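Position in the sequence shown counted from 1, then plus 104, gives you full-length UniProt numbering.
The structure appears below as structure tokens.
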Amino acid sequence: EPLAKPFQLHDLRARLTAAAAMVLPIRESDVQDALASHQLVPRYQPKVRLSDGAPVGCEALVRWQHPSRGLLAPSHFLPLVEAGPSITPLTYQMIERAMTDLASWRQRHPGLSVAVNVSARSLDDPEFADRVWDILARTGADPSSLTLEITETAAMADTAAVAAMLTRLRIRKVNLSLDDFGTGFSSLVELHRMPFSELKVDRAFVGTMETDRDARVIVKAIIGLAHTLGLTTVAEGVETEGAMDMLREMGCDVAQGYGIGRPMTAEAFQEWLDARAGIVAPPLARVG
Ligand code: C2E
Ligand code: MG
Ligand code: MG
Ligand code: MG
Numbered sequence: 105e106p107l108a109k110p111f112q113l114h115d116l117r118a119r120l121t122a123a124a125a126m127v128l129p130i131r132e133s134d135v136q137d138a139l140a141s142h143q144l145v146p147r148y149q150p151k152v153r154l155s156d157g158a159p160v161g162c163e164a165l166v167r168w169q170h171p172s173r174g175l176l177a178p179s180h181f182l183p184l185v186e187a188g189p190s191i192t193p194l195t196y197q198m199i200e201r202a203m204t205d206l207a208s209w210r211q212r213h214p215g216l217s218v219a220v221n222v223s224a225r226s227l228d229d230p231e232f233a234d235r236v237w238d239i240l241a242r243t244g245a246d247p248s249s250l251t252l253e254i255t256e257t258a259a260m261a262d263t264a265a266v267a268a269m270l271t272r273l274r275i276r277k278v279n280l281s282l283d284d285f286g287t288g289f290s291s292l293v294e295l296h297r298m299p300f301s302e303l304k305v306d307r308a309f310v311g312t313m314e315t316d317r318d319a320r321v322i323v324k325a326i327i328g329l330a331h332t333l334g335l336t337t338v339a340e341g342v343e344t345e346g347a348m349d350m351l352r353e354m355g356c357d358v359a360q361g362y363g364i365g366r367p368m369t370a371e372a373f374q375e376w377l378d379a380r381a382g383i384v385a386p387p388l389a390r391v392g
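In structure tokens form, the structure reads like this:
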């Protein structure tokens with residue numbers, strides 16, 4: 105058995121520094137460094153078509169590959185990012201990275217699409233639509249293979265200008281999704297005001313609908329409303345086979361959740377797709 109190393113002061117100091125780094129608050133300058141050194145990375149969570157289980161694509165979810173704290177979920181840093189200047193560059197980095205990864209998945213699975221979350225604050229950039237269009241052109245991506253997921257537009261400085269800008273993207277076939285519908289700021293007002301093509305039912309309802317009759321009624325009503333408006337419906341937070349069956353019966357189009365797949369690296373998603381070869385669905389489209 106090897107002898108224990110003699111006590112060394114610099115070891116202790118290094119350990120204390122590492123421990124302090126775990127609990128110290130994250131600062132805006134840390135976020136800027138993380139962006140510059142590409143520590144903010146996507147994980148991809150699969151989405152399947154409910155009618156036959158075919159993969160339709162995935163949602164990009166940001167993680168911070170932190171040098172001392174490990175892989176951090178958005179709840180640890182996104183509120184800070186959203187309050188500062190880094191949110192817009194983060195959005196563009198995520199879109200560019202997602203479209204690059206999509207190009208490689210599409211070599212074997214041509215119908216796939218990818219969704220990227222867009223904070224309302226990044227839409228305050230008047231050049232947002234042009235920047236997205238540049239990324240699509242640079243990556244050679246089909247505009248209809250990109251979905252922008254938006255939760256809250258009410259807080260924006262100029263909603264009319266944002267609506268006009270989003271309409272320019274929508275006309276060019278980029279999909280716009282209202283995320284977390286039914287909770288927080290994702291309301292009927294938003295649906296009415298912005299040119300959405302898709303609605304995501306919040307997991308607060310999806311996760312409880314198997315045991316809670318009211319939640320079930322709400323999910324069913326939301327799906328009906330969305331379809332009447334010509335929107336594609338996506339249920340998030342699908343964890344069980346029972347929820348899948350229930351959503352299929354309700355006519356929901358797409359499902360996403362831990363029961364289908366956890367957020368994973370681009371390489372793992374490629375393998376997940378390859379394991380389902382031959383059942384990739386064509387892009388979802390509804391008229392309207
Ligand atoms: P979201 O867009 O509603 O994403 C879904 C969240 O639910 C993700 O959490 C996902 O990991 C989690 N989730 C998925 N399936 C299940 C399930 O079956 N059960 C449960 N309990 N949870 C599930 P995550 O990755 O922590 O992201 C949280 C939120 O952070 C996202 O909610 C989104 O609003 C925001 N976000 C994530 N990535 C980005 C990004 O790149 N940019 C911006 N602006 N926001 C992001
Ligand atoms: Mg989302
Ligand atoms: Mg959501
Ligand atoms: Mg959510």
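Positions of the beta carbon are idealized from the N, C-alpha and C atoms, including for glycine.
This one's a predicted model, so the numbers in the text were calculated from it and none came from an experiment.
Between the CA atoms of residue j and residue i - distance to the nearest angstrom
{"i": "T243", "j": "V278", "result": "14 Å"}
{"i": "A241", "j": "Q197", "result": "15 Å"}
{"i": "G392", "j": "H296", "result": "Summary for G392: the model assigns pLDDT 39, below 50, so the residue's position carries little reliability; its value from the coordinates is reported in the next sentence. The alpha-carbon atoms of G392 and H296 are separated by roughly 14 Å."}
{"i": "E314", "j": "M350", "result": "8 Å"}
{"i": "L116", "j": "V127", "result": "17 Å"}
{"i": "G174", "j": "Q143", "result": "11 Å"}
{"i": "D134", "j": "T204", "result": "26 Å"}
{"i": "I239", "j": "L273", "result": "13 Å"}
{"i": "S208", "j": "T251", "result": "17 Å"}
{"i": "L377", "j": "H213", "result": "8 Å"}
{"i": "A330", "j": "S301", "result": "9 Å"}
{"i": "G363", "j": "W237", "result": "34 Å"}
{"i": "V305", "j": "L120", "result": "45 Å"}
{"i": "L282", "j": "G334", "result": "13 Å"}
{"i": "L194", "j": "R276", "result": "23 Å"}
{"i": "G188", "j": "M368", "result": "27 Å"}
{"i": "C162", "j": "I254", "result": "15 Å"}
{"i": "D284", "j": "L303", "result": "8 Å"}
{"i": "A389", "j": "H180", "result": "Caution is warranted here: a pLDDT of 49 is assigned to A389, below 50, making its placement in the model unreliable, and the coordinate value is therefore given only provisionally. The alpha-carbon atoms of A389 and H180 are separated by roughly 35 Å."}
{"i": "L113", "j": "P183", "result": "38 Å"}
{"i": "Y148", "j": "R366", "result": "8 Å"}
{"i": "Q360", "j": "V152", "result": "7 Å"}
{"i": "R352", "j": "L154", "result": "6 Å"}
{"i": "A319", "j": "R307", "result": "10 Å"}
{"i": "D137", "j": "E200", "result": "19 Å"}
{"i": "R235", "j": "S291", "result": "27 Å"}
{"i": "P129", "j": "G215", "result": "42 Å"}
{"i": "V321", "j": "R131", "result": "43 Å"}
Residue i, enclosing alpha helix (DSSP H) - first and last residue
{"i": "L292", "result": "L292 to R297"}
{"i": "I239", "result": "F232 to T243"}
{"i": "L227", "result": "Counting along the chain, L227 falls outside any alpha helix (DSSP H), and DSSP gives it neither H nor E."}
{"i": "G328", "result": "R317 to T332"}
{"i": "L250", "result": "Here L250 belongs to no alpha helix (DSSP H); instead the beta strand (DSSP E) covers L250 to I254."}
{"i": "A261", "result": "Here A261 belongs to no alpha helix (DSSP H), and DSSP marks it neither H nor E."}
{"i": "D246", "result": "Taken as a continuous stretch (DSSP letters only), D246 belongs to no alpha helix (DSSP H), as it is neither H nor E."}
{"i": "E200", "result": "I191 to R210"}
{"i": "A187", "result": "L182 to A187"}
Beta carbon of residue i nearer than 8 Å to that of residue j
{"i": "T337", "j": "D357", "result": "yes"}
{"i": "R167", "j": "I191", "result": "no"}
{"i": "G311", "j": "G286", "result": "no"}
{"i": "A202", "j": "V220", "result": "yes"}
{"i": "P146", "j": "L176", "result": "no"}
{"i": "A267", "j": "P299", "result": "yes"}
{"i": "L206", "j": "A245", "result": "yes"}
{"i": "V293", "j": "F309", "result": "no"}
{"i": "F289", "j": "P150", "result": "no"}
{"i": "V160", "j": "S248", "result": "no"}
{"i": "I327", "j": "G355", "result": "yes"}
Limits of the unbroken beta strand (DSSP E) element including residue i
{"i": "V342", "result": "Neither: V342 is in no beta strand (DSSP E) and is coded neither H nor E."}
{"i": "V220", "result": "S217 to V222"}
{"i": "S281", "result": "N279 to F285"}
{"i": "I130", "result": "First-last for I130: undefined, no H or E at that position."}
{"i": "E302", "result": "E302 to V305"}
{"i": "L335", "result": "That residue, L335, is in no beta strand (DSSP E); it is neither H nor E in DSSP."}
{"i": "G288", "result": "No beta strand (DSSP E) holds G288; DSSP gives it neither H nor E."}
For residue i: DSSP bridge partner residues
{"i": "P146", "result": "V166"}
{"i": "P159", "result": "V152"}
{"i": "M368", "result": "Y148"}
{"i": "G355", "result": "DSSP, once it has assigned bridges, lists no residue as partnering G355."}
{"i": "L175", "result": "Q169"}
Considering only heavy atoms of ligand 3, list every residue whose Cβ is less than 6 Å from one of them, following chain order.
So the residues near ligand 3 by this Cβ test are D283, D284, K304 and E340.
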